[in-house]
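*Asks:*
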Amino acid sequence: MEEIEKPFWAFDLKQDYRHADDVLVLPWTELRFNPLKPPEGVSPRRWAQVFAEIFGHATALLSGSKNYLMKKVVELYQLYNLFDRVEKPYPNLHELEMLIDSDGINFVRKQSDYRDTLLNRLEAMNLVAGTVFDCSQGYSIQELLQRDVVFEFDGLSRDVQNFLMEILFTYVFEYRLAQNHRDEGLNHVFFLDEGKRVFSVYKERQDASGIPEIDELTAKMREFGEGIVVADQEASKLTDSIKANTYTKLLLPTAGRKQFQAVSEAMNLSERQAEFAQSLEVGEAIVQVGSGDPVPVKLENYEIEKQISDEELEKRQAKNWEELSSTPRDATPEFEQAILPDQGTREIPEDPEREIEVSEDADRLLEDIVENPFKSLTERYEKFPSSYKGNNAKNDLVDQGLVVEGNVRVGEQRKLLQLTEKGRDYAKSLDLEVKHTGRGGVVHRYWQHRIQDAFEEAGWHAFLEKFDADVYVNMGSTELVVEVAMGDNPREIDHVEDHLERGFIVWVACRTKEIRDGLKQRLEDNGLDPDSVMFRLFRQFNELELNSG
Numbered sequence: 114m115e116e117i118e119k120p121f122w123a124f125d126l127k128q129d130y131r132h133a134d135d136v137l138v139l140p141w142t143e144l145r146f147n148p149l150k151p152p153e154g155v156s157p158r159r160w161a162q163v164f165a166e167i168f169g170h171a172t173a174l175l176s177g178s179k180n181y182l183m184k185k186v187v188e189l190y191q192l193y194n195l196f197d198r199v200e201k202p203y204p205n206l207h208e209l210e211m212l213i214d215s216d217g218i219n220f221v222r223k224q225s226d227y228r229d230t231l232l233n234r235l236e237a238m239n240l241v242a243g244t245v246f247d248c249s250q251g252y253s254i255q256e257l258l259q260r261d262v263v264f265e266f267d268g269l270s271r272d273v274q275n276f277l278m279e280i281l282f283t284y285v286f287e288y289r290l291a292q293n294h295r296d297e298g299l300n301h302v303f304f305l306d307e308g309k310r311v312f313s314v315y316k317e318r319q320d321a322s323g324i325p326e327i328d329e330l331t332a333k334m335r336e337f338g339e340g341i342v343v344a345d346q347e348a349s350k351l352t353d354s355i356k357a358n359t360y361t362k363l364l365l366p367t368a369g370r371k372q373f374q375a376v377s378e379a380m381n382l383s384e385r386q387a388e389f390a391q392s393l394e395v396g397e398a399i400v401q402v403g404s405g406d407p408v409p410v411k412l413e414n415y416e417i418e419k420q421i422s423d424e425e426l427e428k429r430q431a432k433n434w435e436e437l438s439s440t441p442r443d444a445t446p447e448f449e450q451a452i453l454p455d456q457g458t459r460e461i462p463e464d465p466e467r468e469i470e471v472s473e474d475a476d477r478l479l480e481d482i483v484e485n486p487f488k489s490l491t492e493r494y495e496k497f498p499s500s501y502k503g504n505n506a507k508n509d510l511v512d513q514g515l516v517v518e519g520n521v522r523v524g525e526q527r528k529l530l531q532l533t534e535k536g537r538d539y540a541k542s543l544d545l546e547v548k549h550t551g552r553g554g555v556v557h558r559y560w561q562h563r564i565q566d567a568f569e570e571a572g573w574h575a576f577l578e579k580f581d582a583d584v585y586v587n588m589g590s591t592e593l594v595v596e597v598a599m600g601d602n603p604r605e606i607d608h609v610e611d612h613l614e615r616g617f618i619v620w621v622a623c624r625t626k627e628i629r630d631g632l633k634q635r636l637e638d639n640g641l642d643p644d645s646v647m648f649r650l651f652r653q654f655n656e657l658e659l660n661s662g
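Spelled out as structure tokens, the structure:
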């Protein structure tokens, strides 16, 4: 049999694939994906319809709620001017939640029910998903399609897992369709274990919802070079569509007559063939390709070591994660004026009536976060008898909406924890003194402090938030300011221009080379000389090789 090497994506719900070599493993805590950013070449209006269908299917919304959702997505796109331009920023699920939350409740009763139902789904999803959706533009799907990727969704709620699998699946199809990747042969393969989670026969048979969009895609994907491998121990719970549209079927020893019949009927086994298949032992299977005759095969046994801890995974994957880039959340003035006319921006809304109940270990961890905001998660776990207990404490805080996670991916891999507004209020209720120096999220503030420390270690005086700069450095006869650029954001150019007009030497510290190159281009587009500004990558501030030249 001819072997064909093509990139694949695997959706892993039990940490079964993290041992694989030469594979990018992305636990959900490392994933950055904005499902409201349309795939390249797909119009916002089309994507609003597709997104509403997939979100509705994954979270069991009926047609009324899905239609309401689609209208709110279109409204959000309008506030971001997406029908008039193609540039960033893009809204994400947090902004969608804020828009729906701000909607008045003077509806007819049915529309109010749609709003409440949808808001309930979005609040839960944003809370559980942590930092997954906390970006304007996530990792490049086009780049990930060139790599073998394992998406680890263990630890997320069922609805979030289902939504992520279905939206990524659909995202790739819409991208392929828009790029006209038709009749090119096999380009890429999806692996879905526990396939009933996506291809659920129960959802397929819900007449009130209509035929799920995900079922429609299975019949179309092959034409666009996407292969799908679906596995499940309960074949009777898989959709009729996926069983009908798979070209190759594989039957392994199956416990239970109902599950055996589901596969044998899909393979159209004769009575004699079915009798033979019922006697299969471990390592044996029946394979059918197309409408050909089913044949028995023996499978090779692969011995693998699956005991890989989160810490070991971080060591193995740190370089891979460092190469990925995303753009932080941003908002247009139109959105801020419409949703938050007197506040500008705000954090993700929390439910003020939700009672906070966390363990003593979680309280200890929260105190450590307040006292040492930039300590890595690995260092925090050293205060506990085991990493397992530390991880439970962290999950307790995340589940209660008291902290969110962030990552610093330069040099040593560091996972940081940041208090939410709710977390700061809770910390104050414990009589903890909550300080907040620097601006923006915890990763941005981490680099402000690291850059300040680097200059002070080099013998100069450095200050945060002085002269409206992220870092101000006084060198005696020379004054230098540093802007910390987490993304290729137009506002960075405004800050640079202001600093140049005031006579400062200006440095811009960039998270990645792509951000650096994008900002240099923006300087030229705004009529500024890129050579008037010194650009540095974050990692250079770990090397302490500083000069003003």
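Read in order, the letters of the sequence shown are residues 114 to 662 in my numbering.
Using N, Cα and C, we set each Cβ at its ideal position, and we do this for glycine too.
(1) For a test of the three-state rule: what should DSSP assign to residue 141, helix, strand or coil?
(2) Classify residue 594 as helix, strand or coil using the three-state DSSP reduction.
(3) Quick one, are the C-beta atoms of residue 401 and residue 362 less than 7 Å apart?
(4) Alpha carbon to alpha carbon, how far is residue 269 from residue 647? Give it in angstroms, no decimals.
(5) Quick one: grab the DSSP three-state call for residue 503.
(6) When the Cα of residue 592 is compared with those of 254, 620, 165, which residue comes out closest?
(7) Can the beta-carbon of residue 515 be found less than 7 Å from the beta-carbon of residue 539?
(8) Which residues in the same chain as residue 340 place their Cβ atom closer than 6 Å to its Cβ, once the five residues preceding and following it in sequence are excluded?
(9) Alpha carbon to alpha carbon, what distance is there between residue 315 and residue 348?
(10) To which residues does DSSP link residue 647 through a beta bridge?
(11) Under the rule that 16 or more other beta-carbon atoms within 10 Å means buried, what is residue 543, buried or exposed?
(12) Determine contact between the region 140-157 and the region 233-251, defined as no fewer than three beta-carbon pairs at a distance below 8 Å.
(13) Leaving aside the five residues before and after residue 354 along the sequence, list all residues of the same chain whose C-beta is less than 6 Å from its C-beta, in chain order.
(14) For residue 158, I'd like the list of residues in its chain whose CB is within less than 6 Å of its CB, leaving aside the five on either flank, ordered along the chain.
(15) Please report the straight-line C-alpha distance between residue 118 and residue 597, rounded to a whole angstrom.
(16) Would you call residue 286 buried or exposed, if buried means 16 or more other Cβ atoms sit within 10 Å of its Cβ?
(17) Please report the distance separating the alpha-carbon of residue 483 from that of residue 638.
(18) Could you pull out every unbroken alpha helix (DSSP H) segment of at least 4 residues lying fully inside the region 291-366, listed in chain order?
(19) Report the rounded CA-to-CA distance for residue 337 versus residue 305, giving the unit in angstroms.
(20) In whole angstroms, what separates the C-alpha of residue 478 from that of residue 470?
(21) Measure the CB-CB distance between residue 120 and residue 280 and report whether it falls below 7 Å.
(22) Assign residue 472 to buried or exposed, taking buried as 16 or more other Cβ atoms, counted over all protein chains shown, within 10 Å of its Cβ.
(23) Taking Cβ positions, are residue 307 and residue 267 nearer each other than 7 Å?
(24) Check for me: the beta strand (DSSP E) holding residue 157 runs from which residue to which?
(25) Identify whether residue 567 lies in helix, strand or coil by the three-state DSSP scheme.
(26) Since I believe residue 389 is in contact with residue 352 (beta carbons under 8 Å), could you give me their beta-carbon distance rounded to a whole number of angstroms?
(27) What does the Cβ neighbour count give for residue 643, buried or exposed, with the cut at 16 atoms within 10 Å?
(28) So, with DSSP's three-state summary, where would you put residue 513?
(29) According to DSSP, is residue 184 helix, strand or coil?
(30) Under the rule that 16 or more other beta-carbon atoms within 10 Å means buried, what is residue 271, buried or exposed?
(31) DSSP beta-bridge partners for residue 686?
(32) Which residues mark the beginning and the end of the alpha helix (DSSP H) in which residue 389 is found?
(33) Am I right that residue 448 and residue 208 are in contact with their C-beta atoms under 8 Å? What's the rounded C-beta distance?
(34) Would you kindly check if the distance between the Cβ of residue 519 and the Cβ of residue 555 is under 7 Å?
(35) Count the other CB atoms within 10 Å of the CB of residue 290; is the residue buried (16 or more) or exposed (fewer)?
(36) Per DSSP, residue 409 forms a beta bridge with which residues?
*Replies:* If we stick to the structure as given:
(1) Residue 141: coil per DSSP, three-state reduction.
(2) Residue state, collapsed to three classes: strand.
(3) Yes, the pair counts as a contact, with Cβ atoms nearer than the cut-off.
(4) Taking the straight line from one Cα to the other gives about 42 Å.
(5) Judged by DSSP in its simplified three-state form, residue 503 adopts helix.
(6) 620 is the residue among 254, 620, 165 whose C-alpha sits nearest the C-alpha of residue 592.
(7) Taking 7 Å as the cut-off, the beta carbon of residue 515 is found closer than this to the beta carbon of residue 539.
(8) 299, 302.
(9) In a straight line, the C-alpha of residue 348 is about 12 Å away from that of residue 315.
(10) Beta bridge pairing from DSSP links residue 647 with 620.
(11) It is exposed - the Cβ of residue 543 has fewer than 16 other Cβ atoms within 10 Å.
(12) Yes: the two stretches touch, three or more of their Cβ pairs being nearer than 8 Å.
(13) Taken in chain order, the residues that qualify are 328, 331.
(14) Closer than 6 Å at the Cβ level, and outside the excluded window around residue 158, lies no residue.
(15) If I take the Cα positions, the gap works out to 41 Å.
(16) Its Cβ being crowded by 16 or more others within 10 Å, residue 286 is buried.
(17) Counting only the Cα atoms, residue 638 lies some 42 Å from residue 483.
(18) DSSP runs (the alpha helix (DSSP H)) wholly in the region 291-366: 314-317, 326-331, 353-357.
(19) About 18 Å.
(20) Distance between the alpha carbons of residue 478 and residue 470 is about 14 Å.
(21) No, they are not a contact pair.
(22) The residue in question, residue 472, is exposed, as its Cβ has fewer than 16 Cβ neighbours within 10 Å.
(23) Remark: C-beta atoms of residue 307 and residue 267 do not approach each other more closely than 7 Å.
(24) Counting along the chain, residue 157 falls outside any beta strand (DSSP E), though it belongs to the alpha helix (DSSP H) covering 157-171.
(25) Residue 567: helix per DSSP, three-state reduction.
(26) The beta-carbon distance between residue 352 and residue 389, rounded to whole angstroms, is 27 Å. This is too long to meet the 8 Å contact definition.
(27) Flag for residue 643 reads exposed.
(28) Coil.
(29) The DSSP-derived three-state label of residue 184 is helix.
(30) Burial call: exposed.
(31) Outside the modelled stretch of the chain, which goes from 114 to 662, sits residue 686, for which no answer is possible.
(32) Residues 384-390.
(33) Between residue 448 and residue 208 the beta-carbon gap is near 7 Å, inside 8 Å, which marks them as a contact.
(34) Against a cut-off of 7 Å, the Cβ pair of residue 519 and residue 555 comes out as a contact.
(35) Within a 10 Å sphere around the beta-carbon of residue 290 sit 16 or more other beta-carbons, which makes this residue buried.
(36) Residue 409 is bridged by DSSP to 399.
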